[in-house]
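To get the numbering used here, take the position in the sequence shown, counting from 1, and add 2.
Don't be surprised by glycine CBs; every beta carbon is placed ideally from N, CA and C.
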Amino acid sequence: MIAQPPPRQNVLDRRDVLIDGLRGLLPPTGVISEALRLKPYESDGLSAYRQVPLAVVLPETTEQVAAVMQYCHREGIRVVPRGAGTSLSGGALPMEDAIVLGLMRMNAILDIDYHDRCAVVQAGVTNIGITQAVQERGFFYAPDPSSQLACMIGGNVNMNSGGAHCLRYGVTANNLLGLKIVTAQGEIVDIGGAHLDAAGYDWLGLLTGSEGQLAVVTEVTVRILRSPEGARAMLAAFTGNEIAGQCVDAIIGSGIIPVALEFMDRPAIHACEAFAHAGYPLDAEAMLIIEVEGSEAEQDDLLGRIRDICNRFEPISLKVSQSPEESLAIWKGRKGAFGAVGRISPDYLCMDGTIPTSRLPEVLRRIGEMSAAFGLQVANIFHAGDGNLHPLIMFDANDPESFHKAETFGADILRLCVEVGGCLTGEHGVGVEKRDLMGVQFTEAELNQQRRIKTAFDPDWTLNANKVFPLLSAA
């Protein structure tokens, strides 16, 4: 279990006074301090780790966020920004001496410019909410994490979230134009805007994926894209994980970039089919979901070429969706996969590492060997096209030894990702889950340089403290 950092006792001793001060900055329902009402905020999607915060504040405007940050800076209160709490790395895990700054009430779409193909939204707008706002005019927002029904755009920026269709369209960083942020000192700063490039340093690139360590994101300017003419999905089933991995590498190596190229192994296939009834092949050890888009002629051409590649690996079945309803069912199963695996095991760790696609067969084989060695089942569900792995390690939360083995198993998977030329995280972030593994990928000099950047933005280390970086001797 990752230990919580030492609390700032002077903050805890002044709790009631500090909460009264916060109440004076926000509407009457903007501060939560009662023990029972704080419980829902004690963890994020990595629910194995829990800590009740000092309080929760729920601002509705950037100006209110700025007032809260100024107050916290003055009083020495740590701040943990939070959107929907769907983080799977403990990125929104509270601290005993910190407030949770919840942005879910900042959920307005402020402007849509179809001519320049962008939209300005508050940080609490859901990922899918952006597409829903523009789809009647034939547009969409490309990044689509599996939690897109709930996750919020501010959190997507903080974690640089991806999704199934990011193989073609890119992750959050590739679909942003501007940010409005509030610094640790409570200053409001605009970065970029409704234009392609901004002069000077790439602050947008630095802030995207910074995990709430550098500033609080309150507004986001995103690219919106024209919806494709059409799309079709193909299911390709194989007799083994390594064979499916070889097929993925062959598709990418051929120069074909599908819109999506997803991998599911046998446990995942069975769990998702029981949930979605999508027609997944239950006799397969591994399955690929491959989607292409464009005109009918383009779809036919791409599917034909992909079918030829798949046939080289002797699939046990190939199936192309024949209707929008079939495609929706296929994606319902994949998008609901993490929840569906709960039918197999109510407790699991969802890992997140990235590897070169050429090493996919080897990595899948070694994960299978680790699974046998640890005696823990794994369901593999991930974005195979860009090498973003999401092994789900199943364990018993009521058994401390089982949980410890799952943590160790997950750490070994992440070490393997780095060993083969990949990295510790693809889209879930470091948070507390991978914090103590940062030395596997980075030298101490590299980590110190990153710490200097953190210090430049947040000299007192009050923003989402004790995440991302390995803890030093003094917290």
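{"query": "Pairwise C-alpha distance: V127 and I101", "result": "21 Å"}
{"query": "Start and end residues, beta strand (DSSP E) containing D192", "result": "I190 to G194"}
{"query": "beta-carbon L24 near the ligand ATP non-hydrogen atom, thresh 7 Å", "result": "In the structure shown, the ligand ATP is absent, as is every other ligand, since no ligand is present at all."}
{"query": "Status (buried if at least 16 other CB within 10 Å, exposed otherwise) for I455", "result": "exposed"}
{"query": "Three-state secondary structure (DSSP) of V420", "result": "helix"}
{"query": "Anticipated Cβ contact below 8 Å, E221 with L378, distance rounded", "result": "Not a contact, Cβ separation roughly 43 Å."}
{"query": "Residue closest to G164, alpha-carbon to alpha-carbon, out of P42, H430, A458 and S319", "result": "H430"}
{"query": "Buried versus exposed call for A201 [16 or more other C-beta atoms within 10 Å across all chains shown]", "result": "exposed"}
{"query": "Host beta strand (DSSP E) of S319 (start-end)", "result": "S319 to V322"}
{"query": "Contacting residues, own chain, Cβ-Cβ under 8 Å from Q187 (five flanking each side not counted)", "result": "M71, Q72 and H75"}
{"query": "Integer Cβ distance of A57 from L24, believed to fall under 8 Å", "result": "7 Å"}
{"query": "Whole-number beta carbon distance between F315 and S229, since they are thought to touch under 8 Å", "result": "The Cβ separation is near 32 Å, so there is no contact."}
{"query": "Three-way DSSP call (helix, strand, coil) for K469 in this model", "result": "coil"}
{"query": "Beta-carbon proximity check, G93 vs N160, cutoff 8 Å", "result": "yes"}
{"query": "Entirely enclosed beta strand (DSSP E) segments - the stretch 37–73, minimum 3 residues", "result": "57–59"}
{"query": "Ranges of the beta strand (DSSP E) found wholly within the stretch 86–161, counting only runs of at least 3", "result": "100–104, 111–115 and 120–124"}
{"query": "Cut-off 6 Å between Cβ atoms - residues of its own chain near A467, not counting five sequence neighbours on either side", "result": "R80"}
{"query": "Paired residues, beta bridge with R307 - DSSP", "result": "Bridge partners of R307: none, in fact."}
{"query": "Cβ pair I132, V224 closer than 8 Å", "result": "yes"}
{"query": "Pairwise C-alpha distance: D285 and A458", "result": "55 Å"}
{"query": "Chain D contact for L378 (CB, 8 Å cutoff)", "result": "Checking the listed chains, one finds no chain D in this structure; it contains a single protein chain."}
{"query": "Stretch-stretch touch, CB-based, cutoff 8 Å, three pairs: the stretch 294–313 with the stretch 349–367", "result": "no"}
{"query": "6 Å CB neighbourhood of R433 in its chain, flanking five on each side removed", "result": "A quick correction: the sequence has Gly, not Arg, at residue 433. Hits under 6 Å: S91, G92, G93 and K469."}
{"query": "For F353, the first and last residue of its enclosing beta strand (DSSP E)", "result": "Sequence check: residue 353 is Met here, not Phe. Here M353 belongs to no beta strand (DSSP E), and DSSP marks it neither H nor E."}
{"query": "Under the three-state DSSP convention, the category E316 falls into", "result": "coil"}
{"query": "Per DSSP, cross-strand counterpart(s) of D267", "result": "A288"}
{"query": "Where G423 falls, given that 16 or more other Cβ within 10 Å makes a residue buried", "result": "exposed"}
{"query": "L474 - DSSP class collapsed to helix/strand/coil", "result": "coil"}
{"query": "Cβ neighbour criterion (16 or more within 10 Å) applied to Y203", "result": "exposed"}
{"query": "Simplified DSSP assignment, three categories, for A381", "result": "strand"}
{"query": "Close-in-space but distant-in-sequence residues of the same chain around A342 (CB under 6 Å, 5 per side omitted)", "result": "A273, C274 and F277"}
{"query": "Straight-line Cα distance separating T210 from A288", "result": "34 Å"}
{"query": "Sufficient close CB pairs (3 or more, under 8 Å) joining the stretch 394–406 to the stretch 347–355", "result": "yes"}
{"query": "Bridge-paired residues (DSSP) for V224", "result": "A121 and L178"}
{"query": "One or two residues paired with I34 in a DSSP bridge", "result": "V58"}
{"query": "DSSP-derived helix/strand/coil call for A233", "result": "strand"}
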